[in-house]
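Residue numbers (the working numbering): 5 to 295.
Even glycine gets a Cβ: it sits at the ideal position worked out from N, Cα and C.
Contents: one structure, followed by commentary.
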C-alpha cells in the first residue's frame, strides 16, 4: 500500500464517519454473507514495512468476529495472500494479548475489474488462508452509475445498495478510465442531499481507490471534505472530548492537592483558594478520607 495514502487513526474524522455509517450494514449484496457490521476498527500495523503497514478496512461484526476487507487492483495474488496471513495473525494476536480471547478473523477481497480470477485458498502446509473473493468485472459500472444518478436527480432516498455501489463504482467494469470514474463518482456524490451519506460515499471512494487514486486529486477531495458540515461537527465533538479529558485531569490534580492539604489540617478557605474546588466538594472529600 502506498506510504502516502490515507492514514486513519481511531479519532480521525474520516475514520469516525466511516465507522458510524458502516454500522448495521451488511455486504450480502456482493455475496459476502457475514453478520452485520458493528463498528470499524483501527487498521494500522506499525511493525509492517511501509508499503503494507495497514489493512484497507477492518470491521467488528455482530457475532464478535472480525472482517478484514481488502481492495486489490493488482494480480500479485501470492504476495497478497502472504500479506493477508500476516494481517490476520497480527489482529488475532492483538486481541489475545489484550484479553486472552481468540477472535475469528474473516478475509474478503474485492478485486478491481482488471482482475478476472484469483485463488480463494492459499495453503503452505500447516498454515493457510481461505478468503472470499468478489470480482468487480461482473458489475457494469456505467449502468449502475446511470441508475444511481437518476435517483439522485429525482431526489429519491438512496438505499444501502446504492451507497455501496457508489463506493465501489471506480472498481467496476466501465468504458471510462478509472481515474475519470473516480472524479465522476465524487462529483455525483456531492449532489446527494443527505450530507452524511454524501460524506460516507466520498470517504468510502477514497478508501476503495487508495492504492491507485491520483494523490494530487485525493488531496483536493480531502480539502473539500474538511469544508463540509459533517467534518465540522465531528471536529467540534473531538475538541469537546479533548477538553473534557483535560478538565478531568485538572480536577483530579486539584482533588489530590486538596486531600493533602486536608491531611495537613489546612483551613477550607485556603484549600478553596488554591484548588478552585467548592466548599461542598472539599467537605465530601473530608468524609471520604475520614476527617
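| query | Do residue 167 and residue 201 have their CB atoms nearer than 8 Å? | reply | yes
| field | Residue span of the beta strand (DSSP E) that contains residue 136, given as start and end | value | 136-139
| message | Considering only DSSP beta bridges, list what residue 61 is partnered with. | response | 73
| task | Let me know the beta strand (DSSP E) ranges lying completely inside the stretch 65-115, each 3 residues or longer, listed in chain order. | result | 70-76, 109-115
| request: Have a look at 68, 256, 94, 89 and flag the residue whose alpha-carbon is nearest the alpha-carbon of residue 130. | output: 89
| Is the beta carbon of residue 115 sitting closer than 8 Å to the one on residue 138? | yes
| said: Judging by CA-CA distance, which residue of 197, 147, 154, 160 is the nearest neighbour of residue 174? | reply: 147
| query | What is the residue span of the beta strand (DSSP E) that residue 42 lies within? | reply | 41-45
| query | Considering only residues of the same chain and omitting the five flanking positions on each side of residue 216, which have a CB-CB separation below 6 Å? | reply | 77
| Candidates 71, 124, 258, 120, of which the one nearest residue 282 by Cα | 258
| query | Below 8 Å between beta carbons: does that hold for residue 110 and residue 162? | reply | no
| field | Residue interval of the alpha helix (DSSP H) (run including residue 201) | value | 199-212
| message | On a Cα-Cα basis, can you pick out the residue from 256, 85, 229, 266 that is closest to residue 133? | response | 85
| field | Contact check, residue 3 vs residue 41, beta carbons under 8 Å | value | Only positions 5 to 295 of the chain appear in the structure, and residue 3 is not among them; the question remains open.
| said: Less than 7 Å between C-beta atoms, sequence neighbours within five positions excluded: which residues of the same chain meet that for residue 218? | reply: 183
| said: According to DSSP, simplified to helix, strand and coil, what is residue 287? | reply: helix
| task | Answer yes or no: do residue 286 and residue 275 have a C-beta to C-beta separation smaller than 8 Å? | result | yes
| If you draw a straight line from the C-alpha of residue 83 to the C-alpha of residue 197, how long is it? | 42 Å
| field | Proximity winner among 99, 164, 266, relative to residue 33 (alpha-carbon distances) | value | 164
| query | How long is the line joining the alpha carbons of residue 69 and residue 108, rounded to whole angstroms? | reply | 5 Å
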